[in-house]
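J.:
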Amino acid sequence: MQPAESPFPPGWWGTSLENVGLGKKRPNVGTYGRYNFDHLPPLPFDLHGDFAWLAVAPTHQQNIGNQQADDNRQALAQLHAAAARIGLQLPPAFTHFMETPTLHARIRSNTDCFLDLCPAPVPAPIGGGYLIRFLADSQGCVFWYLYLTADSSDHAVVSSNDFYGTEAEQWQDEPPEPHEIVFAAESFEAFMCRFWLENEIWFAEWQQTPLPDVGSEYIERYRSGEA
Numbered sequence: 001m002q003p004a005e006s007p008f009p010p011g012w013w014g015t016s017l018e019n020v021g022l023g024k025k026r027p028n029v030g031t032y033g034r035y036n037f038d039h040l041p042p043l044p045f046d047l048h049g050d051f052a053w054l055a056v057a058p059t060h061q062q063n064i065g066n067q068q069a070d071d072n073r074q075a076l077a078q079l080h081a082a083a084a085r086i087g088l089q090l091p092p093a094f095t096h097f098m099e100t101p102t103l104h105a106r107i108r109s110n111t112d113c114f115l116d117l118c119p120a121p122v123p124a125p126i127g128g129g130y131l132i133r134f135l136a137d138s139q140g141c142v143f144w145y146l147y148l149t150a151d152s153s154d155h156a157v158v159s160s161n162d163f164y165g166t167e168a169e170q171w172q173d174e175p176p177e178p179h180e181i182v183f184a185a186e187s188f189e190a191f192m193c194r195f196w197l198e199n200e201i202w203f204a205e206w207q208q209t210p211l212p213d214v215g216s217e218y219i220e221r222y223r224s225g226e227a
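Numbering of the sequence shown is given in this note's numbering, commencing with residue 1 and proceeding in unit increments.
(1) Quick one: using the 10 Å Cβ neighbour count with 16 as the cut-off for buried, is Ser-109 buried or exposed?
(2) Can you give me the start and stop residues for the beta strand (DSSP E) that Arg-133 sits inside?
(3) For Glu-198, count the other beta carbons within 10 Å of its own beta carbon; 16 or more makes it buried, fewer makes it exposed. Which is it?
(4) Please list the terminal residues of the continuous beta strand (DSSP E) segment that includes Tyr-267.
(5) Classify Val-20 as helix, strand or coil using the three-state DSSP reduction.
(6) Work out the CA separation of Val-158 and Leu-131 for me, nearest whole Å.
(7) Ser-281 by DSSP, collapsed to three states: which one?
(8) CB Phe-183 to CB Pro-10, shorter than 7 Å?
(9) Look at the alpha carbon of Tyr-35 and the alpha carbon of Trp-13, and state the distance between them as a whole number of angstroms.
(10) What are the residues that DSSP puts in a beta bridge with Arg-34?
(11) Can you tell me where the alpha helix (DSSP H) with Ala-168 in it begins and where it stops?
(12) Can you tell me the Cβ-Cβ gap for Lys-25 and His-48, rounded? I've got them flagged as a contact below 8 Å.
(13) Return the chain-ordered ranges of every alpha helix (DSSP H) run that is complete within the segment 28 to 100 and spans a minimum of 4 residues.
(14) Kindly indicate which residue of Asp-162, Pro-125, Gly-128 and Asp-151 has the alpha-carbon position closest to the one of Ala-228.
(15) As a quick exercise: from Gly-128, Glu-167 and His-179, pick the residue whose alpha carbon is nearest that of Pro-119.
(16) Tell whether a beta-carbon distance below 7 Å holds between Gly-165 and Leu-148.
Pasting the structure below:
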């Protein structure tokens, strides 16, 4: 799904990249900032739904799949059943990723985000489709969702400060604000690619771990405004 086709305004919730020379576009405004989606550079990989770019990346002891591995495994089975009951088809790339712990082990988060899969699609408050939560910030600051159109013909990733889940999962006292949902990526794989790469750039700067081969290209394209 392209941004213009989405019922949500575009935006990228991420962390500062000031320390790699991107202070003008990614200033430090707190743990997270909602940054200009239009300034994001193109991804440096061809994406085909198989996560080939990720399969060759190093694994990490601390990764987004550690915290709720058993719960997510159960939630995925429940999600498949719940989606089937309403005739909703999950994107193959999404299913492949969620079923493959060796891919989870290659993605880490500088804010300790973790995979937190919702066991059922929930109706989106805008757009007529469905939301499926799959990633959460460790402090509940931001949540990321797969957005599926009602006929399963297209999808995107969206994010919000608000929690959307099943009735049994609800914990927020205040009702969510639908207009705070933002379009974050054209596809699930595109989101995971940018999330992985930006976190690896952060770790390379702060912990001196190896920068991915495409990291410098991404930074330079961001700096130069190539989009």
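Here a beta-carbon is modelled for each residue, glycine too, at the ideal position from N, C-alpha and C.
T.: According to the data block:
(1) Buried: at least 16 other Cβ atoms inside 10 Å.
(2) Run containing Arg-133: 130 to 136, per the beta strand (DSSP E) assignment.
(3) By the 10 Å Cβ count, Glu-198 comes out buried.
(4) Outside the modelled stretch of the chain, which goes from 1 to 227, sits residue 267, for which no answer is possible.
(5) Helix, per DSSP.
(6) Distance between the alpha carbons of Leu-131 and Val-158 is about 9 Å.
(7) As shown, the chain starts at 1 and ends at 227. That puts residue 281 outside it, with no answer to give.
(8) Yes, they are a contact pair.
(9) Going from the Cα of Tyr-35 to the Cα of Trp-13 covers about 6 Å.
(10) BP columns for Arg-34 point to Trp-13.
(11) Here Ala-168 belongs to no alpha helix (DSSP H), and DSSP marks it neither H nor E.
(12) Contact flag wrong, Cβ pair sits at about 29 Å.
(13) Listed in chain order, they are 52 to 55, 69 to 85 and 92 to 98.
(14) Past the boundaries of the shown model lies residue 228; the chain is included only from 1 to 227, so the question cannot be answered.
(15) It is Glu-167 whose Cα lies nearest to the Cα of Pro-119.
(16) Taking 7 Å as the Cβ cut-off, Gly-165 and Leu-148 do not qualify as a contacting pair.
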